[in-house]
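Colleague: My questions will all concern the structure given below.
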Amino acid sequence: MPDGGGAPSSHGVRRVEASLLADPDLAGVPIHVIDAQTRDLDAWVAEVETVDADVVGLAAHVWSFPTFIEVARHLQRNRPGRTIALCGPLARPAMFALAPWRDATACIDALVHGNELTFRNIVRLSERSPDALRAVPGLHVSTAGGWVSTGEPPYVAPDELPSPIRMKLLPSDRIVPLEICRGGAMSCATCGVSTGDAGGVFSEAYLVEELSALRAAGAPGAQIVDAPLNLSAEAFRNLVAAEKQVGFFKQATLTASIDPEHVHDEHLEFLRGVARVSLDARLPPLNKETGDGTQRPFRESKFAKVIEELSTFTDIEVDILLGLPGDGPITFRRTLERARELPCKVRIFHSLVLPDDLMVRAPASFELRFDPFTLMMRSCLGWSEDALSRERSRLIEMAYREGGEITPDMWSFPGPREMRRPAMPLGSGVVPPGAEIRVEGATTLAPAGQDLQRVLELGIKEATSGGWTFVEASARPGEIVVIMKTRDGALVVEMRPASPTENAYKVVDGVAFGYRSPRGVKMSDGALRLLDRVLQRLHAPARTALGLSTQDGGPGSARVRRFRATPS
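To convert, count from 1 in the sequence shown and add 117; that's this note's numbering.
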């Protein structure tokens, strides 16, 4: 069952694997799990074809959905009789109502919306015709008239689910996903609040066995991957009671989400007894009349007080969503400013329109427009497309200025206890390799056009064989700034028309290139060779975007000036 993500999403795949392996009716049935993070279509298809699987389950997450739809198309074309089921949070009919995916219905036999045992029940079938699949509760089955629901799956008590931890299906040399109740954090991506214990909680006895297995395996820690730690009172009590018996967290790390408004003394007492604690908390927009539409009461003073107390003995970060309906640039910046006054790391995530949330629940007044591939919000009530794009550029530059992290949908700012090295301005004539990153001119940079971004993205991917990935591009007259992610971290490349009075790392056909290497990392000779390949691919679109004529630089003309990094 392929998966495209990291540990928390892999946990769902391993839950399914455990249900298959624990079923005596499936003894002897070969099960092949592909748990990887590549988007290489050919690699996925080749792996499945190698085992010639009769039933294929694809874990549909935001990062894997487009890739796996193409995988399904290839597999169905190669062998039409194969059964292909889409699982995970994006396995919903609403996704296939979006224009890019409407014709994909023909290559998917069923969408799994039930629990882990639902996929097992598909595998159990002696024949898997559409009529046979309709007898399995917990599916949407593909028909000529669209998706047909087979009803809700029967309730399964959490303790009855086979444990991938005790079956040693999860790697124990890293933080291991752990559930204390049913209902994942993606149940409500807008507010970050799970369904809590709506699906039941794991008993004290079950959690004792889980923690004992983790301790015996020498796992460095566990991440609570369902609801916030303090959302379900019963689940929290069971965890505390189990920990008292096992003592796993006395030497291990606990990673979890938490709701500061509902933190009480018992939560603080438990967390103080853990060796290392890493927490995250969601800060809603400070405009109480807007936000996620749920109108939950919010006590800002209680939130701030709890964060301040937790910061004295835990690593805690506050998360904010960019692009929520009803929010806007003014209130968003006010929320961000308030978060940055707190003694913690701050992360901003670009809001997503997910099929179990805004995609189907948002009223027409929210005026949602979103990318059907990434599901990132493009515009909505309170956010024009231009305002949202400019806010993204502003966050990119702020994060670089302060040594934070940047991905296509996330920006972070270090907490007060983290090192903040001085940065050098990007765009100063000399661009020394290994220098710190600082991007100036936040009010003048604007997002690059979508066509240019697509060309840059393809050029980076092809030049590095997928080893480096495009993150963002910004432009202003006479300058383009491209941010890409390398194996060592973020890399900034600046492109300008060549000038005899300005130094540059390299000039190709009249385009002067400078770069900032990942923070604190000196680029190796191999990385520099990759960079040179990237620049060769980017110079042509850069020439066009910068408005350079053919006389501005002859084909193949290049001059190179290398500079040593200056110490901070």
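Built from N, CA and C at the ideal position, the CB exists for glycine as well. Predicted model only: the values in this text are computed from it and were never measured.
Excluding the 5 residues preceding and the 5 following Phe182 in the sequence, name in chain order all residues of the same chain whose CB lies nearer than 6 Å to its CB.
Modeller: Result list for Phe182: Leu207, in chain order.
Colleague: For Glu596, name the three-state secondary structure that DSSP assigns.
Modeller: It is a strand residue.
Colleague: Give the straight-line distance between the Cα atoms of Thr618 and Leu453, rounded to the nearest whole angstrom.
Modeller: Going by the C-alpha atoms only, they are around 40 Å apart.
Colleague: For Val624, does the three-state DSSP call read helix, strand or coil?
Modeller: In the structure shown, Val624 sits in a strand (DSSP, three-state: E or B).
Colleague: Report back the beta-carbon spacing between Thr200 and Asp220 to the nearest angstrom; my notes put them in contact at under 8 Å.
Modeller: In fact, because the Cβ distance is near 19 Å, the residues do not count as touching under 8 Å.
Colleague: Please report the distance separating the alpha-carbon of Ala135 from that of Ala421.
Modeller: If I take the Cα positions, the gap works out to 41 Å.
Colleague: Use the C-beta contact count for Asn195: other C-beta atoms within 10 angstroms, 16 or more gives buried, fewer gives exposed.
Modeller: By the 10 Å Cβ count, Asn195 comes out exposed.
Colleague: Give me the Cα-Cα distance between Arg450 and Ala160, rounded to the nearest whole angstrom.
Modeller: Each residue's Cα considered, the two are about 43 Å apart.
Colleague: Could you tell me whether the region 504–518 touches the region 245–262, where touching means 3 or more Cβ pairs closer than 8 Å?
Modeller: Counting Cβ pairs under 8 Å, fewer than three are found: no touch.
Colleague: Can you tell me whether Thr312 is helix, strand or coil according to DSSP?
Modeller: Because Thr312 carries a pLDDT of 42, less than 50, the predicted location of this residue cannot be relied on, and the following value inherits that uncertainty. Correct three-state label for Thr312: coil.
Colleague: In whole angstroms, what separates the C-alpha of Glu166 from that of Val229?
Modeller: Rounded to whole angstroms, Glu166 to Val229 spans 22 Å at the Cα level.
Colleague: Of all the beta strand (DSSP E) runs that stay within the bounds of the region 166–192, which reach a length of 3 or more residues?
Modeller: List check, beta strand (DSSP E) in window: 172–176.
Colleague: Would you mind working out which of Ser428, Val363, Asn355 sits nearest Arg389, comparing C-alpha positions?
Modeller: Of the candidates Ser428, Val363, Asn355, the one whose C-alpha sits nearest the C-alpha of Arg389 is Ser428.
Colleague: Could I get the ranges of all uninterrupted beta strand (DSSP E) runs contained in the region 263–306, with 3 residues as the minimum, in chain order?
Modeller: Entirely contained in the region 263–306, the beta strand (DSSP E) runs reaching 3 residues are, in chain order, 263–266, 293–295.
Colleague: If contacts are defined as beta-carbon pairs under 8 Å, then Arg283 and Ala330 qualify, I think. What distance do you get, rounded to the angstrom?
Modeller: Sure, about 5 Å apart at Cβ, within 8 Å.
Colleague: Going by Cα to Cα distance, which pick from Phe387, Thr372, Leu469, Gly445 is closest to Leu434?
Modeller: Note that residue 434 is Glu in the sequence shown here, rather than Leu. Taking only the C-alpha atoms, the option nearest Glu434 is Thr372.
Colleague: Does any C-beta atom of chain D lie closer than 8 Å to the C-beta of Trp264?
Modeller: The structure shown has no chain D; it contains just one protein chain.
Colleague: Can you give, in chain order, each stretch of the beta strand (DSSP E) that sits fully within the region 429–487 and has at least 3 residues?
Modeller: Here the runs fully enclosed are 432–439, 462–467.
Colleague: Does Ser582 pass the burial test, meaning 16 or more other C-beta atoms within 10 Å, or should it be called exposed?
Modeller: That one is exposed.
Colleague: From the DSSP output, read off the bridge partner residues of Thr372.
Modeller: The partner list for Thr372 (beta bridge, DSSP) reads Gln340, Ser395.
Colleague: Out of Ile292, Pro294, Leu234, Val253, which one is the CA nearest neighbour of Pro279?
Modeller: The shortest Cα separation from Pro279 among Ile292, Pro294, Leu234, Val253 belongs to Leu234.
Colleague: As a quick exercise: from Asp157, Val133, Ala139, Val130, pick the residue whose alpha carbon is nearest that of Glu579.
Modeller: Per the Cα distances, Asp157.
Colleague: From what residue to what residue does the beta strand (DSSP E) around Thr260 run?
Modeller: Here the beta strand (DSSP E) through Thr260 covers 256–260.
Colleague: Suppose the cutoff is 7 Å on Cβ atoms and the five residues either side in sequence are ignored; what does the same chain contact list for Val357 look like?
Modeller: Phe387.
Colleague: Tell me which residues share the same chain as Glu269 and place their Cβ nearer than 8 Å to its Cβ, disregarding the 5 neighbours each side in the sequence.
Modeller: These residues qualify, in order along the chain: Gly231, Pro254, Gly255.
Colleague: Tell me which same chain residues have a C-beta within less than 6 Å of the C-beta of Gln362, skipping the five on either side of it?
Modeller: Once the five neighbours on either side are set aside, the close Cβ partners of Gln362 are Val325.
Colleague: For Ser374 versus Thr431, is the C-beta spacing smaller than 8 Å?
Modeller: Cβ distance not < 8 Å, so Ser374 and Thr431 don't count as in contact.
Colleague: So the candidates are Thr448, Leu138, His191, Asp142; which of them puts its Cα closest to the Cα of Glu709?
Modeller: The chain is shown only over 118 to 685; residue 709 falls outside these bounds and no answer can be derived.
Colleague: Kindly indicate which residue of Ala170, Gly129, His128, Met476 has the alpha-carbon position closest to the one of Pro147.
Modeller: Of the listed residues, the one whose Cα sits closest to Pro147 is Ala170.
Colleague: Measuring only the C-alpha atoms, how far is Ala456 from Gly443?
Modeller: When rounded, the distance between both Cα atoms is 19 Å.
Colleague: CB Pro533 to CB Pro460, shorter than 8 Å?
Modeller: Cβ distance < 8 Å, so Pro533 and Pro460 count as in contact.
Colleague: Does DSSP classify Trp218 as helix, strand or coil?
Modeller: Reduced to three states, the DSSP call for Trp218 is helix.
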